[in-house]
Amino acid sequence: MGKGRFDHVLVAVAGEDDATATAAALARNLDADRVTVVHVVEKAGGAPDKAGVEQSETAAEASFAAFREGYHGGEVTTRVVFDTDVADGLVRAAREADADAVVFTPRGGSWFERALTGNVARDLMDAADRPVVAIPDAGTGADA
1 MGKGRFDHVL
11 VAVAGEDDAT
21 ATAAALARNL
31 DADRVTVVHV
41 VEKAGGAPDK
51 AGVEQSETAA
61 EASFAAFREG
71 YHGGEVTTRV
81 VFDTDVADGL
91 VRAAREADAD
101 AVVFTPRGGS
111 WFERALTGNV
121 ARDLMDAADR
131 PVVAIPDAGT
141 GADA
């Protein structure tokens, strides 16, 4: 199967391990001239946040470094986004970056965990104003 092709994609990463897996999956499945890697920090919306701003930005930088280490494609830029809703933050970031598509690797978890935490992938597809591309983890697929 051939690779998909985009000029500019926005890629969501949620941590170092996810960034490493996403970089490999992106390299395997898509070609892009430009990649904007986004780490969304979910704000509590009036309640205390899970982590402080500095701690969140440090975690995001580690994710970005892991992505860069594993991805050897086109130009990579990074951005930390703060939002009360991860999907909304990704859609806004894609719009602001003028990305052709939003790309992500589906994250695991049981149906019960997804029901409790919400399904960001579903919410992203519902809210998106541009294509949303789910790419399989590099360890899955027909020729893995």
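Numbering-wise, the sequence shown is residues 1 to 144 according to UniProt numbering. All residues carry an ideal CB built from backbone N, CA and C; glycine is no exception.
Cβ-heavy atom distance, residue i to the ligand ZN, below 7 Å
| i | result |
| --- | --- |
| Ala65 | The ligand ZN is absent from the structure shown, which contains no ligand whatsoever. |
Nearest to residue i (by Cα), restricted to the options the options
| i | options | result |
| --- | --- | --- |
| Asp33 | Arg5, Ala62, Arg92, Glu54 | Arg5 |
| Ala25 | Ala59, Thr77, Val103, Arg79 | Val103 |
| Val38 | Ala128, Ala59, Thr58, Leu10 | Leu10 |
| Arg79 | Leu124, Gly73, Ala60 | Ala60 |
Where residue i falls, given that 16 or more other Cβ within 10 Å makes a residue buried
| i | result |
| --- | --- |
| Thr22 | buried |
| Val53 | exposed |
| Thr58 | exposed |
| Phe112 | Low confidence applies here, because Phe112 scores a pLDDT of 49, under 50, leaving its location unreliable; read the following figure in that light. It is exposed - the Cβ of Phe112 has fewer than 16 other Cβ atoms within 10 Å. |
8 Å contact criterion, which residue i and residue j should meet: CB distance rounded
| i | j | result |
| --- | --- | --- |
| Ala93 | Val81 | 5 Å |
| Ala134 | Tyr71 | Incorrect: roughly 18 Å between the Cβ atoms, too far for contact. |
| Val91 | Ala121 | Not confirmed; about 13 Å, so no contact. |
Beta-carbon proximity list for residue i, same chain, < 7 Å, skipping 5 on both sides
| i | result |
| --- | --- |
| Gly89 | Val40, Val81, Asp83 |
Contacting residues, own chain, Cβ-Cβ under 6 Å from residue i (five flanking each side not counted)
| i | result |
| --- | --- |
| Ala66 | Glu16, Ala19, Thr20 |
| Glu42 | Val86 |
| Thr77 | Thr36 |
| Glu69 | none |
Same chain, Cβ closer than 8 Å to residue i, five either side skipped, listed in chain order
| i | result |
| --- | --- |
| His8 | Ala32, Asp33, Arg34, Val35, Thr36, Ala97, Asp98, Ala99, Asp100 |
| Thr105 | Asp18, Ala21, Thr22, Ala25, Ala134, Ile135, Pro136, Asp137 |
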